[in-house]
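Engineer: Here it is, the structure in full.
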Amino acid sequence: MKVSIFCNLEGNRSIDRYADELAASFSRGIEAQKIWFPSHGGLWGKLFDRHLRYLWRARARQGDVNIIVSEGYAFLLLAIDPRRTVVVCHDLHPLMAPPGRDKIYRLRFRLNLRLLRRARAVITVSDATRSALLKHCSLLKPERVITVHSGLGTQWQPSSDAAQRKATRESYGFSEDDKIVLHVANANWYKNFSAVAEAFSRVKEPNAHLLKVGRLSRRDQQLICDLGIEKRVIYISQADDQELLRLYHIAGVLVFPSLHEGFGWPPLEAMACGCPVVASNRPAIPEICGEACLYVDPLDARGIAGAIERVLREPELRSRLAAAGLAQARKYSWKQAAARIVEIAQS
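According to the numbering used here, the sequence shown is numbered sequentially starting from 1297.
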């Protein structure tokens, strides 16, 4: 059987990872092909590639089962057979954004959501996303919207290599006594970096440092200076999986106070590496992380700071969270996710 996976053209790291992991996880007898091509040129060239060239290519590259890996590409249902196509819906962030953000993008997103009803089924990566989707898309039949949790890559593992952890610390200028508060996220509004910075400014641990991985907006960079914590913040605009793995191994805690997530990989990655997690109590994080996090109100900087301090100061709490996190992370399998999606597409 041939499965065609229709990828994003924009190079979204999370969606790309989803497509890559899915393609590598099907059982024997299933041939997966990822459909993608580089989009060049300016705005009009990219719009042409996305909405015309991709439609033509999609029609010619269909499989026995088609998987569109992002709700933003539901328009491909206009070109491929919807009876053998499922669409993966990750989140509805464009509809939840504060007023005044990209109105054209929001309109285009709504139009794509309306096309979802053509698909054989819609796969949501969490029950939280499923509930939000059914709320905003009354035309969808609930029985055709099915949750299949994403998997977690096997590269995320604890480390027993003390020498490597020491070398990683030294490469970033950390001593053995320094306590590292890690935040992994892009610069999108819902990642809530302002709460991370404000909370960290309240952390009283003298040896605590904030290690930020992911792009910062100019506003966030200015906030760091305004709070007077610039000497305690180390900023890495991007890190590949190998580097991120090493950072999880040396972190004392991952802080992840998102305002909303469709799934949220960083907490699970940290858990799988034995790193305790302080995370938002907003959907879908509690659904995905279970009882393995210390949960906080993402709008309460004082509460976030208190949770960070507890994890850094209380060895028993750190050990309990680390053990619970390892068990929670083991629940997520890409092979199970891939098998379930094919089953749904053929039902």
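Glycine residues also receive a C-beta, built at the ideal position from the N, C-alpha and C atoms.
A quick note: this is a predicted structure, and the numbers were derived from the prediction, not measured.
Alpha carbon to alpha carbon, how far is V1477 from A1483? Give it in angstroms, no decimals.
Structural biologist: The residue given as residue 1483 occupies position 187 in the sequence shown. The residue given as residue 1477 occupies position 181 in the sequence shown. Answer to the nearest angstrom: the Cα atoms are 18 Å apart.
Engineer: Would you call the region 1496-1513 and the region 1599-1612 touching, i.e. three or more CB-CB distances under 8 Å?
Structural biologist: Result yes; three or more Cβ-Cβ pairs closer than 8 Å.
Engineer: May I ask you to report which of helix, strand or coil DSSP gives L1318?
Structural biologist: Looking up residue 1318 in the sequence shown gives position 22. Correct three-state label for L1318: helix.
Engineer: Go ahead and label L1407 buried or exposed: buried means 16 or more other beta carbons lie within 10 angstroms of its beta carbon, across all protein chains shown.
Structural biologist: Counted from its first residue, the sequence shown places residue 1407 at position 111. It counts as exposed.
Engineer: How should F1344 be labelled, buried or exposed, when 16 other C-beta atoms within 10 angstroms of its C-beta is the threshold for buried?
Structural biologist: If you number the sequence shown from 1, residue 1344 lands on position 48. Label assigned to F1344: exposed.
Engineer: Once DSSP output is grouped into helix, strand and coil, what is the label at I1301?
Structural biologist: Taking the first residue of the sequence shown as position 1, residue 1301 is located at position 5. Strand.
Engineer: Hey, out of P1502, I1530, R1514 and P1454, whose CA is closest to H1479's CA?
Structural biologist: One-based indexing of the sequence shown puts residue 1479 at position 183. It is I1530.
Engineer: Cα separation between R1528 and S1554?
Structural biologist: Here the question's residue 1528 lines up with position 232 in the sequence shown. Here the question's residue 1554 lines up with position 258 in the sequence shown. C-alpha separation (whole angstroms): 22 Å.
Engineer: On the DSSP bridge assignment, give the partners of S1576 in chain order.
Structural biologist: As a first step, residue 1576 is located in the sequence shown; it is residue number 280 there, counting from the start. V1592, per the DSSP bridge assignment.
Engineer: Tell me which residues share the same chain as S1310 and place their Cβ nearer than 8 Å to its Cβ, disregarding the 5 neighbours each side in the sequence.
Structural biologist: As a working note, residue 1310 is residue 14 in the sequence shown. Cβ neighbours of S1310 beyond the five flanking positions: H1386 and W1561.
Engineer: Which same chain residues, not among the five before or five after R1426, have their C-beta less than 6 Å away from its C-beta?
Structural biologist: Locating residue 1426 in the sequence shown gives position 130, where the first residue counts as 1. Once the five neighbours on either side are set aside, the close Cβ partners of R1426 are T1420, V1441 and T1443.
Engineer: Buried or exposed, going by whether 16 or more other CB atoms sit within 10 Å of the CB of L1339?
Structural biologist: Here residue 1339 corresponds to residue number 43 of the sequence shown, with the count starting at 1. That one is exposed.
Engineer: If I'm right that I1637 touches V1382 with Cβ under 8 Å, what's the distance once you round it to whole angstroms?
Structural biologist: Within the sequence shown, the letter at position 341 stands for residue 1637. Within the sequence shown, the letter at position 86 stands for residue 1382. Yes, they are in contact, since the Cβ atoms of I1637 and V1382 sit about 6 Å apart, within 8 Å.
Engineer: Below 7 Å CB to CB, which residues in the same chain sit around N1577 once its five sequence neighbours on both sides are set aside?
Structural biologist: Position 281 of the sequence shown, counting from 1, holds the residue named residue 1577. Same-chain partners within the cutoff: Y1591, V1592 and D1593.
Engineer: Evaluate R1388 with the Cβ neighbour count: other Cβ atoms within 10 Å of its Cβ, from every protein chain shown; 16 or more gives buried, anything less gives exposed.
Structural biologist: In the sequence shown, residue 1388 corresponds to position 92, counting from 1. A small correction: the amino acid at residue 1388 is Leu; Arg does not occupy that position in the sequence shown. Result: buried.
Engineer: Mapping DSSP to helix, strand and coil, what is N1362?
Structural biologist: Locating residue 1362 in the sequence shown gives position 66, counting from the first residue. Of the three classes helix, strand and coil, the one that applies to N1362 here is strand, per DSSP.
Engineer: For the region 1358-1440, list the beta strand (DSSP E) runs that are entirely contained and at least 3 residues long, ordered along the chain.
Structural biologist: You should have 1361-1364, 1381-1385 and 1417-1420.
Engineer: Answer with buried or exposed for Q1624, where buried requires no fewer than 16 other C-beta atoms within 10 angstroms of its C-beta.
Structural biologist: Reading the sequence shown from its first residue, position 328 is the one you call residue 1624. When all chains shown are included, Q1624 counts as buried.
Engineer: Are the CB atoms of A1354 and L1409 within a distance shorter than 9 Å?
Structural biologist: Counted from its first residue, the sequence shown places residue 1409 at position 113. Counted from its first residue, the sequence shown places residue 1354 at position 58. Their beta carbons are not under 9 Å apart, which means L1409 does not touch A1354 by this criterion.
Engineer: Between the Cα of P1438 and those of T1450, D1536, H1445 and D1423, spot the shortest distance and give me the residue it belongs to.
Structural biologist: In the sequence shown, the residue the question calls residue 1438 occupies position 142. Selected option, being the one with the closest Cα: D1423.
Engineer: Where A1320 and G1341 are concerned, what is the direct C-alpha to C-alpha distance, given to the nearest angstrom?
Structural biologist: On the sequence shown, position 24 is the one that residue 1320 refers to. On the sequence shown, position 45 is the one that residue 1341 refers to. Each residue's alpha carbon lies about 31 Å from the other.
Engineer: Can you give the beta carbon distance from K1475 to A1504, rounded, assuming they're within the 8 Å contact cut?
Structural biologist: Numbered from its first residue, the sequence shown carries residue 1475 at position 179. Numbered from its first residue, the sequence shown carries residue 1504 at position 208. Rounded, the Cβ-Cβ distance is 5 Å, consistent with contact.
Engineer: For G1447, which option in A1635, Q1642, I1640 and A1328 has the closest C-alpha, if you only look at C-alpha atoms?
Structural biologist: One-based indexing of the sequence shown puts residue 1447 at position 151. The candidate whose alpha carbon is nearest that of G1447 is A1635.
Engineer: What is the DSSP secondary structure of I1520, reduced to helix, strand or coil?
Structural biologist: The residue you call residue 1520 lines up with position 224 of the sequence shown. Here I1520 sits in helix by DSSP.
Engineer: For A1547, name the three-state secondary structure that DSSP assigns.
Structural biologist: Mapped onto the sequence shown, residue 1547 falls at position 251. Coil, per DSSP.
Engineer: Assuming V1607 is part of the beta strand (DSSP E), what are its boundary residues?
Structural biologist: Counted from its first residue, the sequence shown places residue 1607 at position 311. Unbroken run through V1607 is the alpha helix (DSSP H), A1597 to R1609; no beta strand (DSSP E).
Engineer: Is the CB of G1548 under 9 Å away from at least one CB in chain C?
Structural biologist: This model lacks chain C altogether; it includes just one protein chain.
Engineer: Restricting to runs no shorter than 3 residues, where is the beta strand (DSSP E) found entirely within the region 1453-1510?
Structural biologist: For the region 1453-1510, whole beta strand (DSSP E) runs of length 3 or above, ordered along the chain, are 1475-1480 and 1504-1509.
Engineer: Residues in its own chain within less than 7 Å of R1587 by CB, not counting five upstream and five downstream?
Structural biologist: By one-based count along the sequence shown, residue 1587 stands at place 291. Arg is not the amino acid found at residue 1587; the sequence shown has Glu there. Contacts found: A1620.
Engineer: If you draw a straight line from the C-alpha of K1298 to the C-alpha of S1490, how long is it?
Structural biologist: The count along the sequence shown starts at 1 and reaches residue 1298 at position 2. The count along the sequence shown starts at 1 and reaches residue 1490 at position 194. Looking at the two C-alpha atoms, the distance is approximately 45 Å.
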